[in-house]
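Participant: Chains as they are written, first to last, in full-length UniProt numbering: chain A, 1 to 243; chain B, 1 to 243. Beta carbons: idealized from backbone N, C-alpha and C, even for Gly. Predicted, not measured: the structure shown is a model, and the values here were computed from it. My questions all concern the structure below.
Protein chains: 2
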Amino acid sequence: MSLESVPPKYAQLVQALQRRIESGTYQPGSLLPSEHQLIAEFGVSRPTVVAALRVLREQGWIESQQGKGRFVRGRPAMAAVESNRRGQAYLTSPETDSPGELVEAGAVALPNRVATLLDTQPKSRAFLRRRLVTRDGEPTELVSLWLPLELSEGTDLTSGEPLPQGIREHLKARKGVRFDHIVEQITARMPTAGEAKQLGMPKNVPLLAVFGAVRDASGRPLVVVEVLLPADRHELEDAYPVT
Amino acid sequence: MSLESVPPKYAQLVQALQRRIESGTYQPGSLLPSEHQLIAEFGVSRPTVVAALRVLREQGWIESQQGKGRFVRGRPAMAAVESNRRGQAYLTSPETDSPGELVEAGAVALPNRVATLLDTQPKSRAFLRRRLVTRDGEPTELVSLWLPLELSEGTDLTSGEPLPQGIREHLKARKGVRFDHIVEQITARMPTAGEAKQLGMPKNVPLLAVFGAVRDASGRPLVVVEVLLPADRHELEDAYPVT
DNA sequence: ACCCGACAGGTTGTTTTACCAAGTTTGAGC
DNA sequence: GCTCAAACTTGGTAAAACAACCTGTCGGGT
Numbered sequence: 001m002s003l004e005s006v007p008p009k010y011a012q013l014v015q016a017l018q019r020r021i022e023s024g025t026y027q028p029g030s031l032l033p034s035e036h037q038l039i040a041e042f043g044v045s046r047p048t049v050v051a052a053l054r055v056l057r058e059q060g061w062i063e064s065q066q067g068k069g070r071f072v073r074g075r076p077a078m079a080a081v082e083s084n085r086r087g088q089a090y091l092t093s094p095e096t097d098s099p100g101e102l103v104e105a106g107a108v109a110l111p112n113r114v115a116t117l118l119d120t121q122p123k124s125r126a127f128l129r130r131r132l133v134t135r136d137g138e139p140t141e142l143v144s145l146w147l148p149l150e151l152s153e154g155t156d157l158t159s160g161e162p163l164p165q166g167i168r169e170h171l172k173a174r175k176g177v178r179f180d181h182i183v184e185q186i187t188a189r190m191p192t193a194g195e196a197k198q199l200g201m202p203k204n205v206p207l208l209a210v211f212g213a214v215r216d217a218s219g220r221p222l223v224v225v226e227v228l229l230p231a232d233r234h235e236l237e238d239a240y241p242v243t
Numbered sequence: 001m002s003l004e005s006v007p008p009k010y011a012q013l014v015q016a017l018q019r020r021i022e023s024g025t026y027q028p029g030s031l032l033p034s035e036h037q038l039i040a041e042f043g044v045s046r047p048t049v050v051a052a053l054r055v056l057r058e059q060g061w062i063e064s065q066q067g068k069g070r071f072v073r074g075r076p077a078m079a080a081v082e083s084n085r086r087g088q089a090y091l092t093s094p095e096t097d098s099p100g101e102l103v104e105a106g107a108v109a110l111p112n113r114v115a116t117l118l119d120t121q122p123k124s125r126a127f128l129r130r131r132l133v134t135r136d137g138e139p140t141e142l143v144s145l146w147l148p149l150e151l152s153e154g155t156d157l158t159s160g161e162p163l164p165q166g167i168r169e170h171l172k173a174r175k176g177v178r179f180d181h182i183v184e185q186i187t188a189r190m191p192t193a194g195e196a197k198q199l200g201m202p203k204n205v206p207l208l209a210v211f212g213a214v215r216d217a218s219g220r221p222l223v224v225v226e227v228l229l230p231a232d233r234h235e236l237e238d239a240y241p242v243t
């Protein structure tokens, strides 16, 4: 009676083949053993082998060609690029993890762009929570969070205290909403006098403005995050496959 | 004798179920018919049904719960957001599709950032091809393409003529290289005097600079694309799932 | 009357055996 | 040298069985 559940056979096969590719046993460009050979070596049936190879192909480790065989591509290089999405971190990790100070928390009239992203009438009101994040004691990013009023009620976001929990978990626990994906808009503009002062940046350096509209699986907007970054100190990096 | 190859049954099932979800026959949140019911209705075997449902789950249309059934999530909202990646279009569609003029084509010393992205020594030389893209007769974007010299030899990129073919196809046909993914860096800065003049923009408006390092499957950099956008006229949009 | 556990019948997840189709390579035979 | 069939490869379909999980119902016990 094993309390630990063993992974299914096809998943074990996936891991075994990944290890062999990473260790160089299977060189990139070479031909992988055929289905029949893998069946003989691992003692499993053909559908099991096929299931494992399908996973590897979908993850980009190998590619297959009908009639010829399956070729090793190597460890997918995309996985090595850590996607550095600014909005993500502030939604999942607790505010107490990133030092900073709360500069605003209360109901405000929505800017046009945020109203559009939230799918509400312009000038309607929503809850705004804005933090100035510091790194090494210096202010570096201005992070704003807009929530519809009905979503902010009954949460700890309206308090002036830093959240000891990720915003994503907090909203799921209190309001039952589930984040699914983010639509991101990136623009650049000159800082206002107030922003330049808060961020301690020269007035002739542009700001990178990242707007992230967080939506549920049906596409309904839940929250909008805005991250303002002085462009001389930050840049955004990301990776994606060529279609 | 059908010359057209019919799609496999599981793919037909995928399409049929997608249509029903989109048309509202299967409402989001509701329970999908069980495997047994789908087998009876479509007259296929269980592995075929399971294969179709696996595709739908991986694409985000449904989610499954062992012991209960499969629930409709709806058309994945991510698919509705057209990913608007600036670098992509210039790599795949022919230059003759986007009006503009070639402003530079020849070997130059690499800027530091591009040399880093191409994984070469700083100040080494590479081929630069720069185009000023116009929309509605107005200049809007400055697109630069850097290639290692050995990759530009024997291609039509060194000529002053617009390519009647996508760069991706051209390089694959002539040099046998295959684009796999792009590592993208986004920054903002003030335009130089020359850039402001070429783009016909005010000097106090920042530029969005998008650097895209195109790599093959092993992560080796092939080409670097730079797109310069006046920030008052363009913004970048993208969507990605919450992990 | 109420509670709780056993059990039956539903669901999806995993594995096996079997067969046919389609693409590629090889080599035997002409 | 050429043709073509055989033998390899992966892709797809069918039928069956077992395991794991959920949800009722039907008991028996308190």
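#1: Exposed or buried, what is ASP97 (chain A) when buried is set at 16 or more other beta-carbons lying within 10 Å of its beta-carbon?
#2: Write down every uninterrupted run of the beta strand (DSSP E) in the stretch 15-68 of chain A whose length is 3 residues or greater and which is fully enclosed by it, in chain order.
#3: Can you name the residues that DSSP bridges to LEU108 (chain A)?
#4: Measure from the alpha carbon of ARG113 (chain B) to the alpha carbon of each residue in B:ARG129, B:TRP146 and B:PRO139, then state which is nearest.
#5: Within 9 Å (strictly less), CB to CB, does MET201 (chain B) reach chain A?
#6: Taking only the alpha-carbon atoms, compute the straight-line gap between LEU199 (chain B) and ARG129 (chain B) and give it to the nearest angstrom.
#7: GLU235 (chain B) versus chain A: which residues are under 8 Å apart at the beta carbon?
#8: Counting only Cβ pairs nearer than 9 Å, list the residues of chain B close to PHE42 (chain A).
#9: Counting only C-beta atoms, is GLY219 (chain A) closer than 9 Å to chain B at any point?
#10: Report yes if the CB atom of GLU226 (chain A) is closer than 9 Å to the CB atom of SER144 (chain A), and no otherwise.
#11: Closer than 7 Å by beta-carbon distance: list the chain A residues that pair up with PHE179 (chain B), in chain order.
#12: Which of the three DSSP states, helix, strand or coil, is assigned to GLU226 (chain A)?
#13: With 9 Å set as the bound, which would you pick, yes or no: does the beta-carbon of ALA77 (chain A) sit closer than that to a beta-carbon of chain B?
#14: Within 10 angstroms of its Cβ, does GLY137 (chain B) collect 16 or more other Cβ (buried), or is it exposed?
#15: In the structure shown, what three-state DSSP assignment does SER152 (chain A) receive?
#16: Which of the three DSSP states, helix, strand or coil, is assigned to ARG85 (chain B)?
#17: Can you give the Cα-Cα distance for GLN65 (chain B) and LEU31 (chain B), rounded to whole angstroms?
#18: Which residue spans inside the stretch 150-198 of chain B form an unbroken alpha helix (DSSP H) run of at least 4?
#19: LEU117 (chain A) and VAL210 (chain A) look like a contact to me (Cβ under 8 Å); what is the Cβ gap, rounded to whole Å?
#20: Which same chain residues end up closer than 7 Å to residue 257 (chain A) when comparing Cβ atoms and leaving out the 5 residues on each side of it in sequence?
#21: For the stretch 92-121 of chain A, which residues have a CB atom closer than 9 Å to at least one CB atom of chain B, in sequence order?
#22: What in chain B is Cβ-close to PHE167 (chain A), meaning under 9 Å?
#23: Kindly indicate which residue of B:THR48, B:TRP61 and B:HIS170 has the alpha-carbon position closest to the one of SER152 (chain B).
#24: Indicate whether LEU132 (chain B) and GLU101 (chain B) have their beta-carbon atoms separated by less than 9 Å.
#25: Taking only beta-carbon positions, decide if LEU31 (chain B) is within less than 9 Å of chain A.
#26: May I ask you to list the residues that DSSP assigns as paired with GLY100 (chain B)?
#27: Thinking C-alpha only, which one of B:THR192, B:PRO191, B:GLN185 and B:MET201 is nearest TYR240 (chain A)?
#28: What's the C-alpha gap between SER17 (chain A) and ARG57 (chain A)?
#29: Listed in chain order, which residues of the stretch 11-30 of chain A have Cβ atoms closer than 8 Å to some Cβ of chain B?
#30: Give me, in chain order, the residues of the same chain whose beta-carbon lies closer than 8 Å to that of GLY69 (chain B); leave out the 5 immediate sequence neighbours on both sides.
#31: Output, in chain order, the set of chain B residues within a Cβ distance shorter than 8 Å of LEU208 (chain A).
Facilitator: The structure says:
#1: exposed
#2: 62-65
#3: According to the sequence shown, residue 108 (chain A) is Val rather than Leu. Answer is A:ALA126, bridged to VAL108 (chain A).
#4: Here the closest residue by C-alpha is B:TRP146.
#5: No, MET201 (chain B) does not count as interfacial toward chain A.
#6: 17 Å
#7: GLN185, ILE186 and THR187, listed in chain order.
#8: Under the 9 Å cutoff, chain B gives no residues; its nearest Cβ is about 21 Å from PHE42 (chain A).
#9: yes
#10: yes
#11: VAL242, listed in chain order.
#12: strand
#13: Yes, contact with chain B.
#14: exposed
#15: Annotated three-state conformation of SER152 (chain A) is helix, per DSSP.
#16: coil
#17: 11 Å
#18: 167-175, all fully within the stretch 150-198 of chain B.
#19: Actually they do not touch by this definition, with Cβ atoms about 12 Å apart.
#20: Any answer about residue 257 (chain A) is impossible in this case: the structure gives chain A only from 1 up to 243.
#21: If the cut-off is 9 Å between Cβ atoms, the stretch 92-121 of chain A has THR92 near chain B.
#22: Note that residue 167 (chain A) corresponds to Ile in the displayed sequence, not to Phe. By Cβ distance, chain B contributes nothing, its closest Cβ being about 11 Å from ILE167 (chain A), past 9 Å.
#23: B:HIS170
#24: Remark: C-beta atoms of LEU132 (chain B) and GLU101 (chain B) approach each other more closely than 9 Å.
#25: no
#26: B:VAL133
#27: B:GLN185
#28: A small correction: the amino acid at residue 17 (chain A) is Leu; Ser does not occupy that position in the sequence shown. If I take the Cα positions, the gap works out to 12 Å.
#29: So the list reads PRO28, given in the order they occur along the chain.
#30: Excluding sequence neighbours, GLY69 (chain B) sits near LEU31, LEU32 and SER34.
#31: ILE186, THR187 and ALA188
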